[in-house]
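Notes for the one structure printed next.
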Amino acid sequence: MSALVEALTNSRIWRSIFRHGWPDNPLDRSLVMTSNIFLHLHPVKVNRKSLKWTYSFGLGVLSVLLFLVLSVTGVLLMFYYAPAVEHAYTDIVELQTQIPFGQLLRNLHRWGAHLMVIVVVLHMARVFYTGAYKPPREFNWIMGVSLLLLTFGASFTGYLLPWDQLAFWAITVGTSVASYAPGLGDQMRQLMIGGPEIGQEALTRFYALHIMVIPALIALITSVHIWRVRKDGGLAANDSEE
Ligand code: HEM
Numbered sequence: 046m047s048a049l050v051e052a053l054t055n056s057r058i059w060r061s062i063f064r065h066g067w068p069d070n071p072l073d074r075s076l077v078m079t080s081n082i083f084l085h086l087h088p089v090k091v092n093r094k095s096l097k098w099t100y101s102f103g104l105g106v107l108s109v110l111l112f113l114v115l116s117v118t119g120v121l122l123m124f125y126y127a128p129a130v131e132h133a134y135t136d137i138v139e140l141q142t143q144i145p146f147g148q149l150l151r152n153l154h155r156w157g158a159h160l161m162v163i164v165v166v167l168h169m170a171r172v173f174y175t176g177a178y179k180p181p182r183e184f185n186w187i188m189g190v191s192l193l194l195l196t197f198g199a200s201f202t203g204y205l206l207p208w209d210q211l212a213f214w215a216i217t218v219g220t221s222v223a224s225y226a227p228g229l230g231d232q233m234r235q236l237m238i239g240g241p242e243i244g245q246e247a248l249t250r251f252y253a254l255h256i257m258v259i260p261a262l263i264a265l266i267t268s269v270h271i272w273r274v275r276k277d278g279g280l281a282a283n284d285s286e287e
């Protein structure tokens, strides 16, 4: 058997795919982890406690998954929706009533967005209650706070796009709240909606933020966030002695 394993791991085909021998010793076990892009996300050794699903409830990974679902369904929605005040609303009505699976597509995006806000907040609560914000993870906590704000930003900007009464008045109220901020309140509102009233300028701005700026920032910061988890030695449970 061991002769067979040796022949296999010495073969050119094995060596062209795997850069390590059979993982029956500590060195090759480490190489299995470090030479594989997916396993490399984990430290070479992990604490048993961090593998229990009740430790993190997989909430960070679920946030990533929801972001991916929202990205795919969002691109599909862009095939049918154009951000013009004259027909943004009818585009959505048509999508729901005329396009096969249109209603499903819209609901996947909408419910996915609600779920992402809930899951990201729960992920933050989990990080807080397990004390995973403590050194050396303070930087990742800050990255997390930016991800939380961006998730709220994505929800807020997406809310205006259907251009129905609910969206219109919710954004009117939301942006008016911003104008009460001391000092730069009015300027902030103007910057958000591009004029004195909610109209085409606001829709264009919210659309650009919603489909480009915010998703690009979430993708970029999430990559740094996950890389940082790896560099800090995996989940905080790995710091304990048990
Ligand atoms: C779009 C939002 C977010 C995504 C996609 C995300 C993703 C992840 C992933 C995949 C992990 C590792 C696995 C896990 O814990 O399940 C993680 C860990 C972590 N996250 Fe997030 N996260 C987000 C938001 C946040 C927020 C809002 C905070 C806090 C303000 C935060 C702070 C942390 C910290 C400190 C860790 C390390 C936890 C530990 O070492 O136990 N993240 N995140």
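To convert, take the position in the sequence shown, counting from 1, and add 45; that gives the working numbering.
Even for Gly, the Cβ is constructed at its ideal location relative to N, Cα and C.
On a predicted model such as this, the values are computed, not experimentally measured, just so you know.
How big is the Cα-Cα spacing for residue i and residue j?
i	j	result
Arg64	Val106	28 Å
Pro207	Ala261	22 Å
Val117	Met123	10 Å
Phe173	Ile187	13 Å
Pro71	Ile82	19 Å
Arg93	Met78	16 Å
Val89	Glu183	22 Å
Leu229	Ser95	45 Å
Leu53	Gly66	9 Å
Thr327	Tyr134	This structure gives no information on residue 327, because the portion of the chain shown stretches from 46 to 287.
Lys179	Ser108	21 Å
Asn185	Ala177	9 Å
Pro241	Gln235	7 Å
For residue i, which of helix, strand or coil comes out of DSSP?
i	result
Tyr354	This structure does not reach residue 354, given that the chain is present from 46 up to 287, and the question cannot be answered.
Leu252	The sequence shown places Tyr at residue 252, not Leu. In this structure, Tyr252 counts as helix in the three-state DSSP scheme.
Asn92	coil
Met187	Met is not the amino acid found at residue 187; the sequence shown has Ile there. Here Ile187 sits in helix by DSSP.
Pro227	coil
Ile144	coil
Between the options, which lies nearest to residue i when the distance is taken from Cα to Cα?
i	options	result
Leu195	Leu265, Asp69, Ile62	Leu265
Arg273	Gly189, Ala215, His255	Gly189
Gly198	Gly240, Phe251, Phe184, Ala212	Phe251
Pro181	Ser61, Glu51, Ser101, Asp284	Asp284
Val166	Leu192, His154, Thr220, Leu96	Leu192
Val130	Leu121, Trp98, Phe213	Phe213
Gly279	His85, Ser47, Gln143	His85
Thr220	Ile137, Asp209, Met237, Pro227	Met237
Gly147	Ile163, Val120, Ala223	Val120
I think residue i touches residue j, with their Cβ atoms under 8 Å apart; what is that distance to the nearest whole Å?
i	j	result
Tyr125	Leu140	5 Å
Phe102	Thr267	The pair is not a contact, with the Cβ atoms about 18 Å apart (cut-off 8 Å).
Tyr204	Ala215	6 Å
Tyr100	Ala282	6 Å
Arg74	Pro68	5 Å
Going by the C-beta, is residue i closer than 7 Å to any heavy atom of the ligand SAM?
i	result
Ser101	As presented, the structure is devoid of the ligand SAM, carrying the ligand HEM as its sole ligands.
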